[in-house]
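Following: one structure in structure tokens, then a few remarks.
Residue numbers (my numbering): 43 to 418.
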């Protein structure tokens, strides 16, 4: 729009030419636009941005020692209307002069304050120096519409005089000594750490060697036991086999002995007893025959045989008892043995009776023949 003007965010628009409502020589507009009547009004702009001023000044201390001081001041026009009016009336046409004037103001206050301090105070209390310079210049800066945001003292030196270096020498020596002590301690700790590391490495190597040796010994032992396990197991198996064979041989021998007793000894003993019994029977038979021949009485012979039958059976029983025969089947076997004895007794009785009868017949025949021959 024609005649409408808007200042930048970091600017103040100054409108002059009209009748002001206050005692201010012009109207101050910030943050918004305003209508400027052409030909009747005039608009100018004052920066509100941050400005910088550098100071490099030779200052003499309380001790008479000259110091080169370098400082930087950050400042700007104040935000209030009074500060804008004050700064505009002084710097609107030459706004660069704000930095020059600010540097001169601070240089004066810097020389004044440093002159009341010693080098040691200035070096050790640099922030105190900056604060006193700011406080001393604040009122003067406010009168020209400027406000200081920061003051930074960049460097202080004695222009090669050596005072500051000499002043710092004891401290430097102490610092150097502390540094050397710290370095020595650090070296010692490093050496101790190295020794500890070497000791641990040696201990680890030794323990590793011991573990390896133990492992190898266990492996060798296991291998040896494994190598011996085969022969030992085979020997043990052979021993058990031999023991079993020996036991089997003993059992076979015992069985064979029992077989021999059953097959040879017992039959031989039984046969011998039978022969003995038959011999006894023959003897008895001869005796009976002799008695029968003498008596020629058959009835007497049968009676004699009957009377002798229990004796024959008893003799047979005694013979069998001495034969060490084994009776099986309990009572049934014992009955069979008794029945056999009785049967043998009856058989002997029949045999004796038959032979006696045959003998009698032969004797009768012989006697008759003799009679006949005698009668002839």
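Note that the Cβ used here is the ideal one computed from N, Cα and C, for glycine as well.
* To do: Take every Cβ of the region 186-198, pair it with every Cβ of the region 109-125, and state whether three or more of those distances are shorter than 8 angstroms.
  => yes
* Asked: Just curious, the alpha helix (DSSP H) that residue 79 is in, first and last residue?
  -> Taking the chain shown and counting its residues from 1, the one referred to as residue 79 is at position 37. Neither: residue 79 is in no alpha helix (DSSP H) and is coded neither H nor E.
* Measure the alpha-carbon distance for residue 277 versus residue 271 and round it to whole angstroms. => Residue numbering aside, residue 277 sits at position 235 when the chain shown is read from its first letter. Residue numbering aside, residue 271 sits at position 229 when the chain shown is read from its first letter. Near 10 angstroms, if we compare the C-alpha coordinates of residue 271 and residue 277.
* **Buried or exposed by the 16-neighbour rule on C-beta atoms within 10 Å, applied to residue 231** => Walking along the chain shown from the start, residue 231 turns up at place 189. By the neighbour-count rule (16 or more Cβ atoms within 10 Å), residue 231 is not buried but exposed.
* Asked: residue 103: buried (16+ other C-beta within 10 angstroms of its C-beta) or exposed?
  -> Locating residue 103 in the chain shown gives position 61, counting from the first residue. Result: buried.
* Asked: Touch check for the region 133-143 and the region 85-94: three-plus C-beta pairs under 8 angstroms?
  -> yes
* Closest residue to residue 181 among 125, 78, 195 (Cα-Cα distance) -> Here residue 181 corresponds to residue number 139 of the chain shown, with the count starting at 1. Per the Cα distances, 125.
* Asked: Counting only runs that start and end within the region 113-153, where is the alpha helix (DSSP H) found for 4 or more residues in a row?
  -> 123-133
* Compute the beta-carbon to beta-carbon distance between residue 198 and residue 165, rounded to the nearest angstrom, for a pair I have assumed lies under 8 angstroms. => Counting from one through the chain shown, the residue named residue 198 turns up at place 156. Counting from one through the chain shown, the residue named residue 165 turns up at place 123. Indeed, because the Cβ distance is near 7 angstroms, the residues count as touching under 8 angstroms.
* If you follow the beta strand (DSSP E) that residue 56 is part of, which residue opens it and which one closes it? -> Position 14 of the chain shown, counting from 1, holds the residue named residue 56. Start and end: 53-58.
* Which of helix, strand or coil DSSP assigns to residue 174 -> Looking up residue 174 in the chain shown gives position 132. Here residue 174 sits in helix by DSSP.
* Three or more C-beta pairs closer than 8 angstroms, one from the region 228-248 and one from the region 146-153: is that the case here? -> no
* 9 angstroms Cβ cutoff met for residue 196 and residue 114 -> Position 154 of the chain shown, counting from 1, holds the residue named residue 196. Position 72 of the chain shown, counting from 1, holds the residue named residue 114. Yes, Cβ-Cβ distance for residue 196 and residue 114 is below 9 angstroms.
* If residue 87 and residue 49 are in contact, beta carbons under 8 angstroms, what's the gap, nearest whole angstrom? -> Against the chain shown, residue 87 aligns to sequence position 45. Against the chain shown, residue 49 aligns to sequence position 7. Going by Cβ atoms, the distance from residue 87 to residue 49 rounds to 6 angstroms, so yes, they are a contact pair.
* Sheet register partners of residue 100 (DSSP bridge) -> Position 58 of the chain shown, counted from the first residue, corresponds to residue 100. DSSP lists 110 as partners of residue 100.
* To do: Please check the pair residue 200 and residue 107, which I expect to be a contact at CB under 8 angstroms, by giving their CB distance rounded to whole angstroms.
  => In the chain shown, the residue the question calls residue 200 occupies position 158. In the chain shown, the residue the question calls residue 107 occupies position 65. Residue 200 to residue 107, Cβ: 6 angstroms. Contact.
* For residue 160, name the three-state secondary structure that DSSP assigns. => Within the chain shown, the letter at position 118 stands for residue 160. Coil, per DSSP.
* Are the CB atoms of residue 193 and residue 116 nearer to each other than 9 angstroms? -> As a working note, residue 193 is residue 151 in the chain shown. As a working note, residue 116 is residue 74 in the chain shown. A contact, by the Cβ cut-off of 9 angstroms.
* **Distance, residue 55 Cα to residue 79 Cα** => Translated into positions along the chain shown, residue 79 becomes position 37. Translated into positions along the chain shown, residue 55 becomes position 13. Their backbone Cα atoms lie some 14 angstroms apart in a straight line.
* Could you have a look at residue 105 and say whether DSSP puts it in helix, strand or coil? => Your numbering for residue 105 matches position 63 in the chain shown. Annotated three-state conformation of residue 105 is coil, per DSSP.
* Quick one: does residue 250 have its CB under 9 angstroms from some CB of chain B? -> In the structure shown, chain B cannot be found, because there is only a single protein chain.
* Identity of the residue in 130, 185, 179, 112 nearest residue 168 by Cα -> By one-based count along the chain shown, residue 168 stands at place 126. Checking every option, the nearest Cα to that of residue 168 belongs to 112.
* **Where residue 376 falls: helix, strand or coil (DSSP)** => Start at 1 with the first residue of the chain shown, and residue 376 comes out as number 334. The pLDDT assigned to residue 376 is 48, lower than 50, so where the model puts this residue is not dependable; a value taken from the coordinates is nonetheless given after this. Three-state DSSP puts residue 376 in a helix.
* For my contact list, residue 45 and residue 68 are in at a C-beta cut-off of 8 angstroms; report their separation, rounded to the angstrom. => Counted from its first residue, the chain shown places residue 45 at position 3. Counted from its first residue, the chain shown places residue 68 at position 26. Incorrect: roughly 17 angstroms between the Cβ atoms, too far for contact.
* Is DSSP giving residue 253 helix, strand or coil here? -> Within the chain shown, residue 253 is the residue found at index 211, counting from 1. In the structure shown, residue 253 sits in a helix (DSSP, three-state: H, G or I).
* Quick one: residues in its chain with C-beta nearer than 7 angstroms to the C-beta of residue 99, no 5 flanking neighbours on either side, listed in chain order? => As a working note, residue 99 is residue 57 in the chain shown. Once the five neighbours on either side are set aside, the close Cβ partners of residue 99 are 111, 149, 152, 153.
* Between the C-alpha atoms of residue 319 and residue 296, what's the straight-line distance to the nearest angstrom? -> Along the chain shown, one-based indexing puts residue 319 at 277. Along the chain shown, one-based indexing puts residue 296 at 254. C-alpha separation (whole angstroms): 32 angstroms.
* Asked: Under 9 angstroms between the Cβ atoms of residue 161 and residue 105?
  -> Stepping through the chain shown from its first residue, residue 161 is reached at position 119. Stepping through the chain shown from its first residue, residue 105 is reached at position 63. Yes, the Cβ-Cβ distance between residue 161 and residue 105 is below 9 angstroms.
* In chain order, what residues of the same chain have a beta carbon less than 7 angstroms from the beta carbon of residue 175, not counting five sequence neighbours either side? -> For this step, residue 175 is matched to residue 133 along the chain shown. Taken in chain order, the residues that qualify are 148, 151, 152, 155, 193.
* Since residue 87 is in the beta strand (DSSP E), which residue starts that stretch and which ends it? -> What you label residue 87 is simply residue 45 of the chain shown in a count that begins at 1. 84-89 is the extent of the beta strand (DSSP E) around residue 87.
* Assigned exposure category for residue 73 - 16 Cβ within 10 Å defines buried -> Along the chain shown, one-based indexing puts residue 73 at 31. Exposed, because fewer than 16 other Cβ atoms sit within 10 Å of the Cβ of residue 73.
* For residue 192, three-class secondary structure by DSSP -> Along the chain shown, read from residue 1 onward, the residue named residue 192 stands at position 150. Residue 192 falls in the strand class under three-state DSSP.
* Per DSSP, residue 47 is paired with what? -> Position 5 of the chain shown, counted from the first residue, corresponds to residue 47. Paired residues: 76.
* Could you give the distance in angstroms between the alpha-carbon of residue 291 and the alpha-carbon of residue 260? -> In the chain shown, residue 291 corresponds to position 249, counting from 1. In the chain shown, residue 260 corresponds to position 218, counting from 1. Going from the Cα of residue 291 to the Cα of residue 260 covers about 44 angstroms.
* Asked: Taking the alpha-carbon positions, what's the residue 209 to residue 215 distance?
  -> Here residue 209 is taken as the residue at index 167 of the chain shown, counted from 1. Here residue 215 is taken as the residue at index 173 of the chain shown, counted from 1. Cα to Cα, residue 209 sits roughly 11 angstroms from residue 215.
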